[in-house]
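Below is one structure, written out as structure tokens, with a few remarks after it.
Protein chains: 2
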Amino acid sequence: MDYKLIYTPVARDLADVEANLSDLTEQWRSDFPELHAMLHHVLRGGKILRPALTFLAGRCIDGVTSRMLNMATANELLHIATLVHDDAIDKADFRRGRETANKLWGVEKAILLGDFLFARASEFAATTHELRVVKLFSSTLRIISVGELKQARAAFSLEQSLQGYMDRIACKTAALLKMSCESGAILAGGTEEQIQVLSDFGFNLGLAFQIVDDILDFTGTEVELGKPVGSDLRQGTITLPPLLLMERYPAANPISDFIRGVARNNKIAEAIDMIKSGGFIEESYRHALKYSTQAQEMLNRLPESPYRGALRALTDYLIERRV
Amino acid sequence: MDYKLIYTPVARDLADVEANLSDLTEQWRSDFPELHAMLHHVLRGGKILRPALTFLAGRCIDGVTSRMLNMATANELLHIATLVHDDAIDKADFRRGRETANKLWGVEKAILLGDFLFARASEFAATTHELRVVKLFSSTLRIISVGELKQARAAFSLEQSLQGYMDRIACKTAALLKMSCESGAILAGGTEEQIQVLSDFGFNLGLAFQIVDDILDFTGTEVELGKPVGSDLRQGTITLPPLLLMERYPAANPISDFIRGVARNNKIAEAIDMIKSGGFIEESYRHALKYSTQAQEMLNRLPESPYRGALRALTDYLIERRV
Numbered sequence: 001m002d003y004k005l006i007y008t009p010v011a012r013d014l015a016d017v018e019a020n021l022s023d024l025t026e027q028w029r030s031d032f033p034e035l036h037a038m039l040h041h042v043l044r045g046g047k048i049l050r051p052a053l054t055f056l057a058g059r060c061i062d063g064v065t066s067r068m069l070n071m072a073t074a075n076e077l078l079h080i081a082t083l084v085h086d087d088a089i090d091k092a093d094f095r096r097g098r099e100t101a102n103k104l105w106g107v108e109k110a111i112l113l114g115d116f117l118f119a120r121a122s123e124f125a126a127t128t129h130e131l132r133v134v135k136l137f138s139s140t141l142r143i144i145s146v147g148e149l150k151q152a153r154a155a156f157s158l159e160q161s162l163q164g165y166m167d168r169i170a171c172k173t174a175a176l177l178k179m180s181c182e183s184g185a186i187l188a189g190g191t192e193e194q195i196q197v198l199s200d201f202g203f204n205l206g207l208a209f210q211i212v213d214d215i216l217d218f219t220g221t222e223v224e225l226g227k228p229v230g231s232d233l234r235q236g237t238i239t240l241p242p243l244l245l246m247e248r249y250p251a252a253n254p255i256s257d258f259i260r261g262v263a264r265n266n267k268i269a270e271a272i273d274m275i276k277s278g279g280f281i282e283e284s285y286r287h288a289l290k291y292s293t294q295a296q297e298m299l300n301r302l303p304e305s306p307y308r309g310a311l312r313a314l315t316d317y318l319i320e321r322r323v
Numbered sequence: 001m002d003y004k005l006i007y008t009p010v011a012r013d014l015a016d017v018e019a020n021l022s023d024l025t026e027q028w029r030s031d032f033p034e035l036h037a038m039l040h041h042v043l044r045g046g047k048i049l050r051p052a053l054t055f056l057a058g059r060c061i062d063g064v065t066s067r068m069l070n071m072a073t074a075n076e077l078l079h080i081a082t083l084v085h086d087d088a089i090d091k092a093d094f095r096r097g098r099e100t101a102n103k104l105w106g107v108e109k110a111i112l113l114g115d116f117l118f119a120r121a122s123e124f125a126a127t128t129h130e131l132r133v134v135k136l137f138s139s140t141l142r143i144i145s146v147g148e149l150k151q152a153r154a155a156f157s158l159e160q161s162l163q164g165y166m167d168r169i170a171c172k173t174a175a176l177l178k179m180s181c182e183s184g185a186i187l188a189g190g191t192e193e194q195i196q197v198l199s200d201f202g203f204n205l206g207l208a209f210q211i212v213d214d215i216l217d218f219t220g221t222e223v224e225l226g227k228p229v230g231s232d233l234r235q236g237t238i239t240l241p242p243l244l245l246m247e248r249y250p251a252a253n254p255i256s257d258f259i260r261g262v263a264r265n266n267k268i269a270e271a272i273d274m275i276k277s278g279g280f281i282e283e284s285y286r287h288a289l290k291y292s293t294q295a296q297e298m299l300n301r302l303p304e305s306p307y308r309g310a311l312r313a314l315t316d317y318l319i320e321r322r323v
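Those protein sequence lines, which keep their order, are chains A and B. Position one of the first sequence corresponds to residue 1 (UniProt numbering), numbered consecutively onward. Position one of the second sequence corresponds to residue 1 (UniProt numbering), numbered consecutively onward.
What follows is the structure in structure tokens.
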């Protein structure tokens, strides 16, 4: 199933987000063509998952969306800002088969572009005129940056644990999916219980989503991924599949050899083979499924609606996807 | 005169800001020692000019400062965040004689530290519970990032104009000094007229302040500056003194030769000599004085008080300083 079909109940809302992103780009066309070109490059072609979550969560509670549009736009801009900085930090040349901003315009301008996107995101959040979501936005930005710092600290380190991994993905991915849902619920005027349910849904979905992303980095093909297989590991980032391998074979394994710098290119290939053939993909999926099941259970506490149905379908889609 | 003496009327308020910065650092001491070390390094030793402006501006109107403390802290954190990213982008090793975050921890972690500081700044802004300053904060962050992007675009370019220079310093420096004063006035409950007066004061002070900074980059010694003389020019940034030189000698001058890559090291020395001996420092000071005079005129519209007196003394100090 195509995720765009799942978005159908909020297709109009998402078209408004796309219009916001387009306006934000076009306003620089004559005054600052280079910024226009950068924005045009990074703001199109995304899955706009976070705005979809904001609208679907909000509409689970109420049909009124006028206050949600700005926050949905903020959530997408924050997501893209973090990708731009991530790629600049990793000096990645490609993301999903397209050249990165740092490849096209240099790391320096990519950093500034990311800062600009953070600023525009926080402006959109402020124009909800709702202090609670403004605070949520700021604290989420802080949580994400701490998560990224923890990931940088853990890179090329042999000190790895499941708890450390879960903590990092909670910060760097789940926090934003949580905010995407929670802000929709707040702006729809949900009760504290409804807000909590949708917040927990988003958080658990985020954990499952990131685990699957980390699995696909090993099981996908270079064409599907738009970047080399095992890219995270090459960057020194130990995600769940290699972590489970290290836990099973603590004495000797290709990951630890790779981290120690032993015959790196051979060890990467060996690690990928061992992860795929040793049951670590299946074990990782069991972890993902645990969180997606918890996310689905949260949805059971909301009344049936096309929006709840879409959140359910989206959860299944994100677990089952190949890209 | 020492600027710390000028701060006397708001010394207690500034001690509260220092305590906020210290708390913000200490809370990571055991959980995340590396983040603690980074914060400890970048959050101390500053002039805390922006918090001083926030409190002095606010107290020009009213004595109540409880809502101002968070915003004063936000203004300082935003300032430091931009310095951290600036240095990471310029790959600068030193700032005011101290090693930069990127020198000590690498460009990657410096980018993430900057993002963390932006986030903490926006959290402090949000805890004022005043949507108007939250919006001001977001739009100022956007203006600063556009200014930095414009500076990056203008680097090593022969297309230079006084208007382009003024536009860049308005964005990258004056916008933050403007916000520092304006937010103090808003949170003190100033009238629209008072808010506008203090906003204009901060903006003009910011223009004068940056012009003087750009002058000192040529007239200071390496010891005073804590970095090589002419650092901006070496980075390809054409500030006011070299710009005036280029305007006086459009046909041939050492700056244009430097930009074109002709015998770069010789041209830098030649440019510095010519700027210092050709009257361009004095001409640059006349520009700075024009804006500081406009700033002072704004102060005349406020009632006499120790706080107005301090803003006046600060304006003089920032023009006359050697470092």
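Glycine included, each C-beta is placed from N, C-alpha and C at the ideal position.
With fewer than three CB-CB distances shorter than 8 Å, the segment 22–37 of chain A does not count as touching the segment 157–164 of chain A.
B/Glu270 sits away from B/Pro250, with the two beta carbons spaced by 8 Å or more.
Taken through DSSP and simplified to helix, strand or coil, B/Phe137 comes out as helix. Within the segment 147–176 of chain A, contact with chain B at the beta-carbon level (separation under 8 Å) is assigned to Glu148, Leu149, Lys150, Ala152, Arg153. At least one C-beta of chain B is nearer than 8 Å to the C-beta of A/Val134. Cβ neighbours of B/Gly278 within its own chain (closer than 7 Å, five residues either side excluded): Leu245. In the structure shown, the three-state DSSP call for B/Arg308 is helix. A/Asp23 is positioned such that its CB atom lies no closer than 8 Å to that of A/Leu69. A direct Cα-to-Cα measurement between A/Thr221 and B/Gly220 gives close to 57 Å.
For B/Glu99, the secondary structure class from DSSP, reduced to helix, strand or coil, is strand.
Taking each of A/Val42, A/Glu18, A/Leu5, A/Ala57 in turn and checking the Cα distance to A/Met298, the smallest one comes out for A/Ala57. B/Phe203 is not a Cβ neighbour of B/Lys276, given a cutoff of 8 Å.
Around A/Val323, the same chain offers Glu224 as residues with beta carbons nearer than 6 Å, after the five sequence neighbours per side are excluded. With respect to the C-alpha of B/Asp62, the residue from B/Ser292, B/Ala295, B/Ile186, B/Leu49 having the closest C-alpha is B/Ile186.
Using a Cβ-Cβ cut-off of 8 Å, A/His129 counts as an interface residue toward chain B, since at least one Cβ of chain B sits closer than that to its own.
Flagged as an interface residue toward chain A: B/Ala126, by a C-beta distance shorter than 8 Å.
Within the same chain, and ignoring the five residues on either side of A/Arg44 in sequence, the residues whose Cβ sits closer than 8 Å to its Cβ are Leu21.
Contact check between the segment 75–87 of chain B and the segment 110–119 of chain B: three or more CB pairs, one atom from each, fall below 8 Å, which counts as touching. For A/Arg286, the uninterrupted alpha helix (DSSP H) segment begins and ends at 280–299. Relative to A/Ser66, the option among A/Leu216, A/Asp167, A/Phe124 whose CA is nearest is A/Phe124. With 16 or more other CB atoms across the displayed protein chains lying within 10 angstroms of its CB, A/Gly190 is buried.
The Cβ-Cβ distance between A/Thr82 and A/Asp93 does not fall below 8 Å. Any Cβ of chain A closer than 8 Å to the Cβ of B/His85 would place that residue at the interface, and such an atom is present. In the structure shown, the three-state DSSP call for A/Phe118 is helix. Within the same chain, and ignoring the five residues on either side of A/Glu148 in sequence, the residues whose Cβ sits closer than 7 Å to its Cβ are Lys172. Listed by position along chain A, the residues whose Cβ is nearer than 7 Å to that of B/Arg120 are Arg142. Note on B/Asn265: under 16 other CB atoms within 10 angstroms of its CB, so exposed under the neighbour-count rule.
A/Ile169 sits close to A/Leu207, with the two beta carbons spaced by under 8 Å. The C-alpha of B/Met38 lies about 19 Å from the C-alpha of A/His85.
The beta carbon of A/Tyr291 lies closer than 6 Å to those of Asn204, Leu207, Ala208 in the same chain, with the five residues before and after it left out.
DSSP, reduced to helix, strand and coil, places B/Phe94 within a strand of the structure shown. Measuring C-alpha to C-alpha distances from A/Lys103 to each of A/Ala174, A/Asp257, A/Val42 identifies A/Val42 as the nearest. DSSP places A/Gln235 in the coil class of the three-state scheme, outside both helix and strand. Just so you know, the alpha carbons of A/Arg153 and B/Ile89 end up roughly 21 Å apart. The contact set of B/Leu112 on chain A, defined by CB atoms closer than 8 Å, consists of His85, Ile89, Ser145, Glu148, Leu149, Ala152 in chain order. Taking a beta-carbon distance threshold of 8 Å, B/Lys109 counts as an interface residue toward chain A.
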